[in-house]
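In terms of the UniProt record's numbering, the sequence shown opens at residue 1 and continues consecutively.
The beta-carbon is built from N, C-alpha and C at its ideal position, and this holds for glycine as well.
Take a look at the structure below.
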Amino acid sequence: MGEACSPGPSGAASPSSGLRRLSSDFRVPFPAPARGRDRMLPKRRRAQVGAPGDPASSEARFPGVAIYLAEPHMGRSRRAFLTRLALSKGFRVLDAYSSEVTHVVMEQTSAEEASHWQEHRAATASPQRCSRPALLDISWFTESMAAGQPVPVECRHRLEEALEMLAEAAGFEGSEGRFLSFRRAAAVLKALPSPVTALSQLQGLPHFGEHSRRVVQELLEQGVCEEVERVRLSERYQTMKLFMGIFGVGVKTADRWYREGLRTLDSLQEQPQRLTQQQKAGLQHYRDLSTPVQRPDAEALLQLVKAAVAPILPGATVTLAGGFRRGKLQGHDVDLLLSHPQEGREAGLLPKVMQCLEKQGLVLYQQHHRGGCGHAEPPPRQSHPMDAFERTFCILGLPQPSGVPVGSTQGPCPTRKAVRVDLVAVPISRLPFALLGWTGSKHFQRELRRFCRKERGLWLNSCGLFDPEQVCWGWEDAWGRSLLGGSLLGEDVGGGACWGDAWGGMPGRGACWVPLPFPSPSPPPSPTPSPHPSQGSQQSGVGGSQALTPPLLLQKMLFHAASEEDIFRHLGLEYLPPEQRNA
Numbered sequence: 001m002g003e004a005c006s007p008g009p010s011g012a013a014s015p016s017s018g019l020r021r022l023s024s025d026f027r028v029p030f031p032a033p034a035r036g037r038d039r040m041l042p043k044r045r046r047a048q049v050g051a052p053g054d055p056a057s058s059e060a061r062f063p064g065v066a067i068y069l070a071e072p073h074m075g076r077s078r079r080a081f082l083t084r085l086a087l088s089k090g091f092r093v094l095d096a097y098s099s100e101v102t103h104v105v106m107e108q109t110s111a112e113e114a115s116h117w118q119e120h121r122a123a124t125a126s127p128q129r130c131s132r133p134a135l136l137d138i139s140w141f142t143e144s145m146a147a148g149q150p151v152p153v154e155c156r157h158r159l160e161e162a163l164e165m166l167a168e169a170a171g172f173e174g175s176e177g178r179f180l181s182f183r184r185a186a187a188v189l190k191a192l193p194s195p196v197t198a199l200s201q202l203q204g205l206p207h208f209g210e211h212s213r214r215v216v217q218e219l220l221e222q223g224v225c226e227e228v229e230r231v232r233l234s235e236r237y238q239t240m241k242l243f244m245g246i247f248g249v250g251v252k253t254a255d256r257w258y259r260e261g262l263r264t265l266d267s268l269q270e271q272p273q274r275l276t277q278q279q280k281a282g283l284q285h286y287r288d289l290s291t292p293v294q295r296p297d298a299e300a301l302l303q304l305v306k307a308a309v310a311p312i313l314p315g316a317t318v319t320l321a322g323g324f325r326r327g328k329l330q331g332h333d334v335d336l337l338l339s340h341p342q343e344g345r346e347a348g349l350l351p352k353v354m355q356c357l358e359k360q361g362l363v364l365y366q367q368h369h370r371g372g373c374g375h376a377e378p379p380p381r382q383s384h385p386m387d388a389f390e391r392t393f394c395i396l397g398l399p400q401p402s403g404v405p406v407g408s409t410q411g412p413c414p415t416r417k418a419v420r421v422d423l424v425a426v427p428i429s430r431l432p433f434a435l436l437g438w439t440g441s442k443h444f445q446r447e448l449r450r451f452c453r454k455e456r457g458l459w460l461n462s463c464g465l466f467d468p469e470q471v472c473w474g475w476e477d478a479w480g481r482s483l484l485g486g487s488l489l490g491e492d493v494g495g496g497a498c499w500g501d502a503w504g505g506m507p508g509r510g511a512c513w514v515p516l517p518f519p520s521p522s523p524p525p526s527p528t529p530s531p532h533p534s535q536g537s538q539q540s541g542v543g544g545s546q547a548l549t550p551p552l553l554l555q556k557m558l559f560h561a562a563s564e565e566d567i568f569r570h571l572g573l574e575y576l577p578p579e580q581r582n583a
């Protein structure tokens, strides 16, 4: 994600893009003013501190260091306090981000979010700039203030980035075990209340294996980790990261392209026959899609979709999910969940919404997927939890000029920014589970589902909470009816094979059956269906295994929830609000 960690002159560092999300307890014991006198003081305008050319800047003791304190997650008052502290120590602090900045300091921000912030700044920076500033955690700032001079930037200021990079590289190689190990270790570092400065601080921490410990030890003792730098500079890692930044490209596709000798985006553009329509759209809008989506853009898209939904289905709701629901200021895409208080009314809504957006000239690409979770139709053969709902993956062109209102029908806007948007139609009975699943983070969801399996013996996905013992095989016959067969435990459902109500459950039971989200055992032979109720007897050529679809393993949802709080309660866990799920 950035250049190697090496100190520069005057304690400055070479550019870097790493960051640890570590909260700081650093406080300077300045005496607080008396409350009574404080109330009598008139309000003053916020000072523009650290601007180029001001007295404080010109008197800086370290002219080669220009600090910019990024305000997100820091707050104005704390930023002003830290600025005054740095100025009193002789540091130069710039109030506005510019080409003069050498060190960017952030607080309580993940490495991924900080990297996106820097990429966005680089895209809008002056073309005269030849290098990026060092992107640092607050720990570098506090250590510099304590030392009275800029301390050398070392990789120990970016432990989390190192582990996340190793996790990403392991994922590129298909090593799920190493991927999870490094990812969990990085998540542990995020949760620590203070910076790690000694290996002893890792003693007794969960999910921190020997490999991760060796990486941290090398960074703490030497300031650099040979394994991390080898990965960072490797051609394969850089190429895989480049290709997987394309919308519609996963690990297998990126790996195949790499093995075939492709290395650049230009090499892909020269061979369009290799690309799917989704990948072509991703490559066409690569610059916009690789730029982080800012929260104001996400809010604008939310309002745009709400405006399209309202006249089509009055009473429908549109909820912003994903990282933005977790309080993130930016992200890769925008996830929106569409629902309606009346069960089933959301069916067929997405095509109408997309048609409305197309009329406004906002749709740059779309791919629609039918769902089968909770609807009167068979689910898809390959059942991933995300595949359960009807959804549309699209690229929308968000109008940029402030003078043109979002959702305006005044014609195509001259300037648009391409943004990835996922629209998901969710039945109201499944909305709490879908909201939990689509809010993330991925690591939080992975650990929550692992807890369900290991500790509670249940299966959790975006469709519901299930008991794995309540399963059966299902088929569909020539008339579109669904047949529920015996359970895996050898017990017949309802005393034998029984016709269900179009995938909506068995007669008189009110149960809802959905595809299993995990590998299933070998299916039994297809049974012979009974005649259709309107037929006196089975017609020739209809019936037997020839009239049935391939078997699907179905699962019965036994736990119902009206909110996310209910799901946590079912699992015996304390409720965590979305802002606390950034694992």
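On the CB-based measure, 16 or more other CB atoms within 10 Å of its CB, does residue i come out buried or exposed?
{"i": "residue 616", "result": "Because the chain spans 1 through 583 in this model, residue 616 falls outside it and cannot be assessed."}
{"i": "residue 483", "result": "Note that residue 483 scores a pLDDT of 48, beneath 50, so its modelled location is shaky; the value from the coordinates is reported in the next line. Buried, because 16 or more other Cβ atoms sit within 10 Å of the Cβ of residue 483."}
{"i": "residue 38", "result": "Low local confidence applies: a pLDDT of 42 at residue 38 is under 50, so the model's placement there is unreliable, and no value is given."}
{"i": "residue 391", "result": "buried"}
{"i": "residue 177", "result": "exposed"}
{"i": "residue 137", "result": "buried"}
{"i": "residue 88", "result": "exposed"}
{"i": "residue 310", "result": "exposed"}
Between which two residues does the beta strand (DSSP E) harbouring residue i extend?
{"i": "residue 282", "result": "No beta strand (DSSP E) holds residue 282; the alpha helix (DSSP H) holding it covers 277-284."}
{"i": "residue 368", "result": "363-369"}
{"i": "residue 319", "result": "317-320"}
{"i": "residue 339", "result": "334-339"}
{"i": "residue 425", "result": "416-425"}
{"i": "residue 354", "result": "First-last for residue 354: 349-359, but that is the alpha helix (DSSP H), not the beta strand (DSSP E)."}
{"i": "residue 104", "result": "103-106"}
{"i": "residue 134", "result": "134-137"}
{"i": "residue 220", "result": "Element bounds for residue 220: not the beta strand (DSSP E) but the alpha helix (DSSP H), 210-222."}
What's the gap between the Cα of residue i and the Cα of residue j?
{"i": "residue 163", "j": "residue 284", "result": "32 angstroms"}
{"i": "residue 561", "j": "residue 340", "result": "16 angstroms"}
{"i": "residue 364", "j": "residue 430", "result": "30 angstroms"}
{"i": "residue 261", "j": "residue 165", "result": "23 angstroms"}
{"i": "residue 325", "j": "residue 302", "result": "12 angstroms"}
{"i": "residue 367", "j": "residue 210", "result": "44 angstroms"}
{"i": "residue 463", "j": "residue 415", "result": "39 angstroms"}
{"i": "residue 389", "j": "residue 242", "result": "30 angstroms"}
{"i": "residue 187", "j": "residue 440", "result": "14 angstroms"}
{"i": "residue 573", "j": "residue 202", "result": "26 angstroms"}
{"i": "residue 235", "j": "residue 264", "result": "11 angstroms"}
{"i": "residue 104", "j": "residue 427", "result": "45 angstroms"}
{"i": "residue 469", "j": "residue 453", "result": "12 angstroms"}
{"i": "residue 580", "j": "residue 183", "result": "17 angstroms"}
{"i": "residue 346", "j": "residue 276", "result": "29 angstroms"}
{"i": "residue 172", "j": "residue 282", "result": "20 angstroms"}
{"i": "residue 65", "j": "residue 425", "result": "51 angstroms"}
{"i": "residue 317", "j": "residue 151", "result": "51 angstroms"}
{"i": "residue 231", "j": "residue 240", "result": "12 angstroms"}
{"i": "residue 100", "j": "residue 67", "result": "9 angstroms"}
{"i": "residue 308", "j": "residue 252", "result": "36 angstroms"}
{"i": "residue 90", "j": "residue 204", "result": "40 angstroms"}
{"i": "residue 255", "j": "residue 268", "result": "14 angstroms"}
{"i": "residue 369", "j": "residue 229", "result": "41 angstroms"}
{"i": "residue 85", "j": "residue 397", "result": "44 angstroms"}
Is residue i near the ligand ZN, with its Cβ less than 6 angstroms from a heavy atom?
{"i": "residue 463", "result": "Among the components modelled here there is no ligand, and therefore nothing to report on the ligand ZN."}
Can you name, in chain order, every residue of its own chain whose Cβ lies under 7 angstroms from the Cβ of residue i, other than the five neighbours on each side?
{"i": "residue 245", "result": "290"}
{"i": "residue 270", "result": "none"}
{"i": "residue 565", "result": "575"}
{"i": "residue 313", "result": "340, 345, 349"}
{"i": "residue 436", "result": "564, 567"}
{"i": "residue 286", "result": "246, 265"}
Can you list, in chain order, the residues of its chain with a C-beta nearer than 8 angstroms to that of residue i? Leave out the 5 residues immediately preceding and following it.
{"i": "residue 120", "result": "291, 292, 294, 330"}
{"i": "residue 587", "result": "The structure shown has nothing for residue 587, since the chain only spans 1 to 583."}
{"i": "residue 25", "result": "Unreliable positioning characterises residue 25 in this predicted model, as indicated by a pLDDT of 46, which lies under 50. The coordinate reading is nonetheless provided below. The residues are 193, 194."}
For the alpha helix (DSSP H) that contains residue i, what are its first and last residues?
{"i": "residue 94", "result": "Here residue 94 belongs to no alpha helix (DSSP H), and DSSP marks it neither H nor E."}
{"i": "residue 68", "result": "From DSSP, residue 68 is part of no alpha helix (DSSP H) but of the beta strand (DSSP E) over 66-69."}
{"i": "residue 390", "result": "Where residue 390 is concerned, there is no enclosing alpha helix (DSSP H), although the beta strand (DSSP E) it sits in stretches over 390-399."}
{"i": "residue 82", "result": "76-88"}
{"i": "residue 435", "result": "431-439"}
Starting from the C-beta of residue i, find all residues in its chain whose C-beta is less than 6 angstroms away, skip the five residues before and the five after it, and write them out in chain order.
{"i": "residue 559", "result": "465, 570"}
{"i": "residue 174", "result": "none"}
I think residue i touches residue j, with their Cβ atoms under 8 angstroms apart; what is that distance to the nearest whole Å?
{"i": "residue 333", "j": "residue 321", "result": "Not a contact, Cβ separation roughly 11 angstroms."}
{"i": "residue 248", "j": "residue 279", "result": "4 angstroms"}
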